[in-house]
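Student: Just so you know, numbering that gives the first Met the number 0 puts the end of the sequence shown at 377, numbered straight through with nothing missing.
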Amino acid sequence: MKSVRQPFTFDRVIRILFTVVAIVAVFYLIGLLKNALLPFLVAWLLAYLINPFVEFIQYRCRVKIRIISIFLALLSVIGIIALFIWLIMPGIVEEATKMRTLIHDYLSHGASITPFIPESWHTYLQERIDFTKIAEAMNPQDWRELIEKTATHLWTVLTGSVNQIINIIGWLIVFLYLIFILLDYDKIIVGFKALIPNRYRAKTLEVFDDVKESMNRYFRGQACVAFLVGILFSIGFSIVGLPLAILLGLFIGLLNMVPYLQVVGFLPTLLLCLLKSVEPGQSFWWLVIGCIIVFVVVQIIQDMILVPRIMGHVMGLNPAIILLSLSIWGTLLGLIGMIIALPLTTLLQSYYERYILREDVKVCSPPKDIENENGIDI
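1) So is residue 245 buried or exposed if we call it buried at 16+ other beta carbons inside 10 Å?
2) Kindly indicate the opening and closing residues of the alpha helix (DSSP H) around residue 307.
3) Between residue 65 and residue 81, what straight-line distance do the alpha-carbon atoms span, to the nearest angstrom?
4) How is the alpha helix (DSSP H) around residue 260 delimited, first residue to last?
5) If you drop the 5 nearest sequence neighbours on each side, which residues of the same chain put their C-beta closer than 7 Å to that of residue 72?
6) Run the CB neighbour count on residue 181, radius 10 Å, all protein chains shown included, and call it buried at 16 or more, exposed below.
7) To the nearest whole angstrom, what separates the beta carbons of residue 328 and residue 319, a pair I think is in contact under 8 Å?
8) What residue range is occupied by the uninterrupted alpha helix (DSSP H) comprising residue 223?
9) Skipping 5 residues on each side, what residues in its chain have a beta carbon closer than 6 Å to that of residue 293?
10) Can you tell me whether DSSP reads residue 157 as helix, strand or coil?
11) Does DSSP put residue 280 in a helix, in a strand, or in coil?
12) Taking residue 68 as the reference, which of 14, 183, 344, 297 has the closest Cα?
13) Look at the alpha carbon of residue 213 and the alpha carbon of residue 344, and state the distance between them as a whole number of angstroms.
14) Report the residue from 197, 11, 208 whose alpha carbon sits nearest the alpha carbon of residue 349.
15) Is there contact between the region 285–292 and the region 249–264, where contact requires at least three CB pairs shorter than 8 Å?
16) The alpha helix (DSSP H) that contains residue 338, what's its start and end?
17) For residue 271, count neighbouring C-beta atoms within 10 Å of its own C-beta (all shown protein chains included) and say buried if the count is 16 or more, exposed if not.
18) Quick check on DSSP: helix, strand or coil for residue 364?
19) Alpha carbon to alpha carbon, what distance is there between residue 201 and residue 218?
20) Check this for me: beta carbons of residue 206 and residue 86, under 9 Å apart or not?
21) What residue range does the alpha helix (DSSP H) around residue 47 cover?
22) So what's residue 98 in DSSP terms, helix, strand or just coil?
23) If you run the structure through DSSP and keep just helix, strand and coil, what is residue 267?
24) Among 317, 70, 36, which residue has its Cα nearest to the Cα of residue 178?
25) Would residue 42 and residue 172 qualify as a contact pair, given that the criterion is a beta-carbon distance under 9 Å?
Structure follows, in structure tokens:
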């Protein structure tokens with residue numbers, strides 16, 4: 000059966016043109032107001048991530064006053080982050096010190112220690128990578144000086160010009176937005192639903208439920224998976240003996256926010272294997288084999304244990320679609336676009352699958368078999 004398409008009447012063309020103009024106007028308006036919208040969107044994203052923890056404290060721990068639950072949740076999150084940094088910082092400082100030594104040894108006589116690698120490769124690496132600057136950046140003493148300079152600069156800013164103070168106040172607004180959104184999180188959601196006209200409410204809420212489910216899987220589920228994957232990589236690289244194992248592992252975990260993008264982390268892993276092979280008694284190829292084993296084992300744990308238990312068996316957005324949406328929306332709207340990229344992409348995908356693709360299937364599907372008078376299926 001041929002699909003029946005709605006004719007392009009003058010009224011329909013005007014509606015399409017009006018919709019296109021409205022979309023362009025919205026994008027233009029967002030571009031003009033991006034400095035005002037960015038703190039609000041950042042606060043909304045943080046509130047979305049923290050709200051389950053606030054509700055856990057309020058209802059499970061029975062802290063009835065909402066504002067107290069919010070501050071307890073914020074203090075807990077800040078405390079967990081600070082504790083995590085405090086735990087990993089000594090290891091990072093130690094690894095950075097060793098890394099400086101390895102870089103100096105590689106620059107001095109790396110080519111002679113690793114004869115299996117062509118001289119042209121060493122030349123290419125040293126032309127493309129400023130190892131000297133990296134070695135300077137690995138000095139923990141410089142980190143302390145940087146922290147002191149940053150603290151001094153921050154105090155100067157606090158007591159400085161009006162523009163600098165306004166910039167700081169602008170980001171303090173994020174904290175205020177966060178508190179206000181968390182205070183009335185459920186009321187805001189209910190109020191938003193009430194704004195939708197009754198004739199469109201059912202369909203709109205179906206689409207937004209799809210977006211909510213997808214965002215729960217991505218921002219909460221995938222973030223949890225990425226964090227655990229980063230920890231596993233850090234442990235694995237530490238066992239192999241790779242320099243900067245903790246930082247590299249956490250970096251690969253961050254890449255895993257886009258599923259399977261952690262394979263990009265194999266390039267810096269090879270570079271660190273090369274630097275580690277400068278040490279006496281270390282073999283480049285054994286280090287590479289050890290790192291490959293780490294990648295394979297972590298991937299198996301991720302696919303067989305972490306993803307099924309944390310995210311379930313329901314698939315989210317395709318990794319290629321995630322990268323494409325971040326690129327497109329980021330190019331159009333900058334940082335705001337990157338924040339709203341996945342919700343908007345999921346919304347468009349859900350609308351297309353529910354109402355455009357489904358209608359096409361209904362229109363194009365053949366009629367059910369019927370029987371003629373002789374009992375023969377037609």
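Virtual Cβ for every residue (Gly too), placed ideally from N, Cα, C.
Tutor: Judging by the given coordinates:
1) If you draw a 10 Å sphere on the C-beta of residue 245, you find 16 or more other C-beta atoms in it, and that means buried.
2) It spans 306–309 - the alpha helix (DSSP H) in which residue 307 sits, taken as one unbroken run.
3) Going from the Cα of residue 65 to the Cα of residue 81 covers about 24 Å.
4) No residue range can be given for residue 260, since it is assigned to no alpha helix (DSSP H) and is classified by DSSP as neither H nor E.
5) The answer, listed in chain order, is 49, 52, 53, 56.
6) Residue 181 is buried by the Cβ-count criterion.
7) With a beta-carbon spacing of about 15 Å, residue 328 and residue 319 fall beyond the 8 Å limit used to define contacts.
8) It spans 222–239 - the alpha helix (DSSP H) in which residue 223 sits, taken as one unbroken run.
9) 235.
10) Reliability fails at residue 157, whose pLDDT of 48 lies under 50, so the model's placement of it is uncertain and no value is given.
11) Secondary structure at residue 280: coil, using DSSP grouped into helix, strand and coil.
12) The shortest CA-to-CA distance from residue 68 to any of 14, 183, 344, 297 is the one to 183.
13) Annotation: residue 213 to residue 344 spans about 11 Å, alpha carbon to alpha carbon.
14) Closest by C-alpha distance to residue 349, out of 197, 11, 208, is 208.
15) Look at the beta carbons and you see the region 285–292 not touching the region 249–264: under three pairs across the two are nearer than 8 Å.
16) Counting along the chain, the unbroken alpha helix (DSSP H) around residue 338 starts and ends at 334–350.
17) Burial is judged here by how many other beta carbons sit within 10 angstroms of a residue's own beta carbon; residue 271 has at least 16 and is buried.
18) Low confidence applies to residue 364: its pLDDT is 49, below 50, so where it sits in the model is not reliable enough to give any reading.
19) One Cα belongs to residue 218, the other to residue 201, and the distance between them is close to 25 Å.
20) Contact: no.
21) Here the alpha helix (DSSP H) through residue 47 covers 33–54.
22) Of the three classes helix, strand and coil, the one that applies to residue 98 here is helix, per DSSP.
23) DSSP, read as helix, strand or coil, puts residue 267 in helix.
24) Residue 70 is the option with its Cα nearest to residue 178.
25) Pairing residue 42 with residue 172 gives a Cβ-Cβ distance under 9 Å.
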